[in-house]
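As structure tokens, the structure follows; a few thoughts come after it.
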Amino acid sequence: MPNFRFETVAGGRSSMIEEDFASIDLASPKAVELAKAAASSFPPGADHSDSHVKVYDDAGYLIATVNFSDVLGDDPLDEKTDPPNEEPGVLRSG
Numbered sequence: 041m042p043n044f045r046f047e048t049v050a051g052g053r054s055s056m057i058e059e060d061f062a063s064i065d066l067a068s069p070k071a072v073e074l075a076k077a078a079a080s081s082f083p084p085g086a087d088h089s090d091s092h093v094k095v096y097d098d099a100g101y102l103i104a105t106v107n108f109s110d111v112l113g114d115d116p117l118d119e120k121t122d123p124p125n126e127e128p129g130v131l132r133s134g
């Protein structure tokens, strides 16, 4: 099973986890879940415009970016259901 790396940047802090998923179609919802979980720790009205989750494949290619603003409205309870922004696999990390 392919391994995906999820890098979360929220409130000036970054974290990384790795998980195995059968495809990006299954990894993308995990990125949305991570964004929602990280945003829940923000105080009400906090700016989350610079916060995001990036998803990389086994080879280190960036395959998706989920901006917190894409999954959360002005009110954290008013969640959007748009899929994450798929990016071409042309960027390579580290």
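Residue numbers (this note's numbering): 41 to 134.
A virtual CB, placed ideally from N, CA and C, is assigned to each residue, including glycine.
One question on the structure: do residue i and residue j come within less than 8 Å of each other, judged by their Cβ atoms?
{"i": "V93", "j": "F61", "result": "no"}
{"i": "I103", "j": "I57", "result": "no"}
{"i": "E59", "j": "K76", "result": "no"}
{"i": "V72", "j": "V106", "result": "yes"}
{"i": "F82", "j": "G51", "result": "yes"}
Which residues share a DSSP beta bridge with residue i?
{"i": "A79", "result": "A79 pairs with nothing; no bridge assigned."}
{"i": "H92", "result": "V49 and N107"}
{"i": "L102", "result": "Y96"}
{"i": "S54", "result": "V49"}
Below 8 Å on the Cβ atoms is my guess for residue i versus residue j; work out the distance and round it to an integer in Å.
{"i": "T48", "j": "A78", "result": "5 Å"}
{"i": "F44", "j": "D110", "result": "No, F44 and D110 are not in contact; Cβ-Cβ is about 18 Å, not under 8 Å."}
How should residue i be labelled, buried or exposed, when 16 other C-beta atoms within 10 angstroms of its C-beta is the threshold for buried?
{"i": "S89", "result": "exposed"}
{"i": "D118", "result": "Confidence at D118 is low in this model, with a pLDDT of 47, below 50, so its placement is unreliable and no value can be given for it."}
{"i": "A99", "result": "exposed"}
{"i": "S80", "result": "exposed"}
{"i": "S91", "result": "buried"}
From what residue to what residue does the beta strand (DSSP E) around residue i run?
{"i": "F108", "result": "That residue, F108, is in no beta strand (DSSP E); its alpha helix (DSSP H) goes F108 to V111."}
{"i": "F61", "result": "That residue, F61, is in no beta strand (DSSP E); it is neither H nor E in DSSP."}
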